[in-house]
């Protein structure tokens, strides 16, 4: 539910990048992350074997991956996201973008 809201707020920001829409992303990220933290303890068995956990929340992140992506002309789509390592995506990467990069 909260990840869907985060996606919606991100799309809204992409369409209309304002301080209000940026703050809405930050709030949606916080809510989604807090829900994820409740499930974090379930990183056992099949979930652990699938490496799903690491693609959602991995720390520390590799800021070079994020910076190189920002500075390139690569199209950021589902295939691209699937191709980058776990240290360049997920909640921690979004947090980095929110705190460091997303400024209007």
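Numbering (my numbering), first residue to last: 5 to 108. We put the beta carbon where it would ideally sit given N, CA and C, even for glycine. All of these numbers come straight from a predicted model, not from anything done at the bench.
- Residue burial annotation: residue 38 is exposed, with fewer than 16 other C-beta atoms found within 10 angstroms of its C-beta.
- Going by C-alpha positions, residue 70 is about 23 Å away from residue 35.
- In this chain, the alpha helix (DSSP H) harbouring residue 40 covers 23–43.
- By the neighbour-count definition (other C-beta atoms within 10 Å, threshold 16), residue 15 is an exposed residue.
- No residue range can be given for residue 75, since it is assigned to no alpha helix (DSSP H) and is classified by DSSP as neither H nor E.
- Excluding residues up to 5 positions away in sequence, 32, 35, 36 lie with their Cβ nearer than 8 Å to the Cβ of residue 9 in the same chain.
- Annotation for residue 15: the continuous alpha helix (DSSP H) segment containing it runs 6–19.
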